[in-house]
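Just below is one structure, and these are the notes that go with it.
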Amino acid sequence: MIFNIDQLYKQLKTLICDEIEFTPKGVETYLVTTPFCFDDGDGYVIYIKRGLDGLYLTDGGHTMMHLSYWMDTNQLIREEGERSDLFNGILRAYHVAYSDGRLIMQLPENTESFGNYFLTYIQAITKITDIDYLSKERVRKSFLNDLVIFLREKYGERAREKWSNPEYDKAGTYSVDIRLDLAKVPIYVYAAWSNERALSVVVSILTHRERRERFRSLVIHEYVEELSKPTLKKIMDASDKQISGFYGKQEEIAEYIKTEIEYIGGG
0 MIFNIDQLYK QLKTLICDEI EFTPKGVETY LVTTPFCFDD GDGYVIYIKR
50 GLDGLYLTDG GHTMMHLSYW MDTNQLIREE GERSDLFNGI LRAYHVAYSD
100 GRLIMQLPEN TESFGNYFLT YIQAITKITD IDYLSKERVR KSFLNDLVIF
150 LREKYGERAR EKWSNPEYDK AGTYSVDIRL DLAKVPIYVY AAWSNERALS
200 VVVSILTHRE RRERFRSLVI HEYVEELSKP TLKKIMDASD KQISGFYGKQ
250 EEIAEYIKTE IEYIGGG
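First residue of the sequence shown? That's 0 in numbering that gives the first Met the number 0, and the numbers climb one at a time after it.
Encoded structure:
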C-alpha cells in the first residue's frame, strides 16, 4: 500500500490541531511535531515510519532517554518491581511494544484510523512519563520494594526482609526492613521517605540497641526534601550510616556494605 503522507497529515491536523507538522527524516520516515510535551517543556519525539511489517510509530528511544534524566529507567524494564509492573501494564493497555529503548506501535494498513492510533500512542507516552509522578504511597512502596529487590539480587537469602527479633518482637513492631547476614555482625538496612517513617526507623534502631543487639545500621532516605532538619539529625545520631537517594546510588550502597563487611569481619 502506498504511504500517503498527505492523508495522514490531514487526519492529524483535523483531529488534533493546526500545530501538527511533518518533517522528512529519511526514506519513508517523518518526524511528527505536536504540541504535546514533557513537564520541562521538551516536546514528545514521534516518528512515523514504514518497516518490513508496515507502518509504525516510534519515539526513537527519546522518551526513555528523557526519563533517565531524573529516574533510573532500569526500574521500568526489569522483571519485577512496582514501576516495572506499571510500565508493562501501560504497554499492554495501549498496545505499544518496547524494543531496545524504543516505544513502538504497529499501525494498520487502513490509514483511516491513523488519527486514533496516534492519540493512543500519545496517551501511552504520557502515562509512562507519569510513572515517576504516582501517588506518594505507590512511589514510596516502589522505593522500598526496589531496595529489597536490589539487595536480594545481590546477596540472596542472606538478605532477609521485614526481620524482627523473635525473642521480644514477635509482632514486628520494631522490624528491620532488610537484615543482611554478611558478616559476624548483621547490617540492618532501613528505608526512610517521610518524617513519620524516619522517626519509626529511629525508634527501631534505638530499640534494638537498648536490647543490646550487636549490629550496624544503614538508613537510605529517598525524597529527602520531605524530611525536616530535626528528623535528619535524629537519623544521623541514631544510625551508623546514611545514604541520600537509592536510584542511581546502588554502586555506592554496595561499596559501603563491602567496606562494612571488611571492617566487621566476614561471617
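Think of the CB as a built atom: it goes at the ideal place given N, C-alpha and C, for glycine as much as any other residue. From a predicted model like this one, the values you see are computed outputs, not experimental measurements.
- Ranking 205, 127 and 243 by CA distance to the CA of residue 60 puts 127 first.
- In the DSSP assignment, residue 64 falls within the unbroken alpha helix (DSSP H) covering 61-66.
- When only Cα atoms are considered, residue 64 and residue 235 end up about 35 Å apart.
- Residue 255 sits in a helix when the DSSP states are folded into three classes.
- Under the Cβ criterion (8 Å, minimum of three pairs), the segment 226-235 does not count as touching the segment 146-158.
- Residue 85 sits close to residue 130, with the two beta carbons spaced by under 7 Å.
- Around the CB of residue 189, 16 or more other CB atoms lie within 10 Å, so the residue is classed as buried.
- The beta-bridge partner set that DSSP reports for residue 162 consists of 175.
- The segment 213-220 and the segment 240-247 touch, with three or more beta-carbon pairs separated by less than 8 Å.
- Within the segment 185-264, the runs of alpha helix (DSSP H) at least 4 residues long that lie entirely inside it are, in chain order, 194-209, 228-237 and 249-263.
- Beyond the five residues adjoining it in sequence on each side, residue 263 comes within less than 6 Å, by CB distance, of 182, 183 and 184 in the same chain, given in chain order.
- For residue 13, the enclosing alpha helix (DSSP H) begins and ends at 4-14.
- The beta carbon of residue 32 sits closer than 6 Å to the beta carbons of 20 from its chain, once the five residues preceding and following it are set aside; these are given in chain order.
- Taking all protein chains in view, the Cβ of residue 50 is surrounded by fewer than 16 other Cβ atoms within 10 Å, so the residue is classified as exposed.
- Here residue 144 is buried, its C-beta having at least 16 other C-beta atoms within 10 Å.
- For residue 45, the uninterrupted beta strand (DSSP E) segment begins and ends at 45-50.
- Taking residue 201 as the centre and dropping the five residues before and after it, the same chain places the C-beta of 233, 234 and 237 closer than 7 Å to its C-beta, in chain order.
- For residue 147, the closest alpha carbon among the candidates 45, 117, 227 and 187 is that of 187.
- The beta-carbon distance between residue 106 and residue 116, rounded to whole angstroms, is 6 Å. This is short enough to meet the 8 Å contact definition.
- Under a 10 Å Cβ-count criterion, residue 211 is classified as exposed, with fewer than 16 other Cβ atoms of the shown protein chains found around its own Cβ.
- At a Cβ-Cβ threshold of 7 Å, residue 30 and residue 62 do not count as neighbours.
- With respect to residue 114, residue 10 sits close: the two C-beta atoms are nearer than 7 Å.
- Annotation: the continuous alpha helix (DSSP H) that includes residue 86 extends over 81-92.
- Residue 123: member of the alpha helix (DSSP H) spanning 113-128, first to last residue.
- For residue 169 and residue 163, the gap between their C-alpha atoms comes out near 7 Å.
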